[in-house]
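Below: one structure, written as structure tokens.
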Amino acid sequence: MKKIILLSVFFYVFSFIGKSQTFNIAEGTAVNDDMARPCITVTFEPDASEAKKAWKNYLKKKYDLKLKSDRGDDLKAEEAVFPAVTSRTMDFYTRFEKDKDNHTTKMNVFVKFGYDIYLNNTDNPSEYSSLMSIVKDFSVEFLRTYYSDNLEILNSELAKTEKEQAHTLKENETLASDIEKNKQTIEDLKKENEEKTAQIEANKKTIVTLTEKVTAKKEEIQKMNEVINGIK
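Positions 355 to 586 (my numbering) are the ones given, in order, by the sequence shown.
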């Protein structure tokens with residue numbers, strides 16, 4: 355009965371969703387030695403280079419597992435000991451795939467115990483569950499940091515745009531005030547007033563653009579906060 359429950363849990367596809375999906379973790383396959391092998395697949399937005407660096411650091415820091423670069427963005431640790439997953443010696447692989455159409459990255463994690471023997475949910479439910487949990491925990495930590503960093507950038511851009519907007523509004527107030535004063539000597543200051551009026555019109559267009567940017571940045575920040583809050 356316990357084994358049946360475990361299998362039911364493992365066949366469940368973990369999807370972590372806020373207002374928009376931030377990552378998906380599921381059973382998958384990855385080609386190794388010219389054959390499809392069982393693996394754990396995570397799909398998320400950050401590119402492979404960022405995920406690769408974060409994954410290497412995470413496993414080294416938390417589990418003292420040292421991964422080495424393989425082909426392209428792939429990582430591996432041969433004849434590795436990973437007690438958090440199993441007591442058996444393993445070859446540990448991580449393969450990254452870029453989906454240019456969907457602008458996402460797939461991180462495929464798989465384990466080889468020997469010739470043509472790969473960790474899978476059917477034969478190794480407990481070990482598979484342990485690895486699934488590790489991959490999930492990494493994804494949550496990595497994506498929280500990734501989106502938080504992006505949120506910080508957006509907040510900085512918003513502050514800069516709002517400052518520029520306020521400066522331009524103040525400039526327009528000053529220009530309008532100057533025009534009223536200059537009306538006392540219209541003939542002498544006609545040319546200056548025409549220049550200032552032209553500047554006001556130019557500033558109005560700038561204000562419209564900046565206002566649209568402020569609105570867009572606020573919407574991005576709101577969505578980013580929803581994404582972060584949805585990662586649980």
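The C-beta atom is built at its ideal place from N, Cα and C for all residues, glycine as well.
*Determine the extent of the beta strand (DSSP E) in which ASN462 is found, giving its start and end residues.*
458-468
*Closest by CA to PHE467, which one among LEU485, ASN475, MET444?*
MET444
*Residue interval of the beta strand (DSSP E) (run including THR395)*: 389-398
_Continuous alpha helix (DSSP H) stretch holding LYS416: start and end_ = 402-417
*Give the C-beta separation of LEU529 and ILE561 to the nearest angstrom, bearing in mind that I take them to be a contact with Cβ-Cβ under 8 Å.*
Actually they are not in contact, since the Cβ atoms of LEU529 and ILE561 sit about 12 Å apart, beyond 8 Å.
*Do the stretch 438-452 and the stretch 464-482 touch if we need at least three Cβ pairs shorter than 8 Å?*
yes
*Could you name the residues that DSSP lists as bridge partners for GLU381?*
ILE394
*Who are the near neighbours of ASP424 in its chain, counting only those whose CB is closer than 6 Å to its CB and skipping five residues on each side?*
LYS430
_Assigned secondary structure, ALA438 (DSSP; H/G/I helix, E/B strand, else coil)_ = Residue state for ALA438 is assigned as coil, using DSSP reduced to three classes.
*Assigned exposure category for TYR366 - 16 Cβ within 10 Å defines buried*: The pLDDT assigned to TYR366 is 35, lower than 50, so where the model puts this residue is not dependable, and the model offers no usable value.
*Take TYR412 as the anchor and find which of LEU473, GLU495, VAL385 has the nearest alpha-carbon.*
With distances taken between CA atoms, TYR412 lies nearest to GLU495 out of LEU473, GLU495, VAL385.
*Within this structure, are the beta carbons of ASN509 and ILE575 separated by less than 8 Å?*
yes
_Spatial distance of HIS457 from ASP401 (CA atoms)_ = 8 Å
*asked:* Just verifying my parser: in three-state terms, what is the DSSP assignment at ASP445?
replied: It is a strand residue.
*From the DSSP output, in three-state form, read off ASP532 for me.*
helix
_Whole-Å CB distance - THR395 paired with ASN474, under 8 Å assumed_ = With 8 Å as the limit, THR395 and ASN474 do not qualify as a contact, their Cβ atoms being about 13 Å apart.
*How many angstroms separate the CA atom of PHE364 from the CA atom of THR563?*
The predicted position of PHE364 is uncertain, since its pLDDT is 34 and thus under 50; a value taken from the coordinates is nonetheless stated next. The alpha-carbon atoms of PHE364 and THR563 are separated by roughly 51 Å.
*Cβ-based neighbour list, THR440, same chain, cut-off 6 Å, excluding 5 preceding and 5 following*: GLU481
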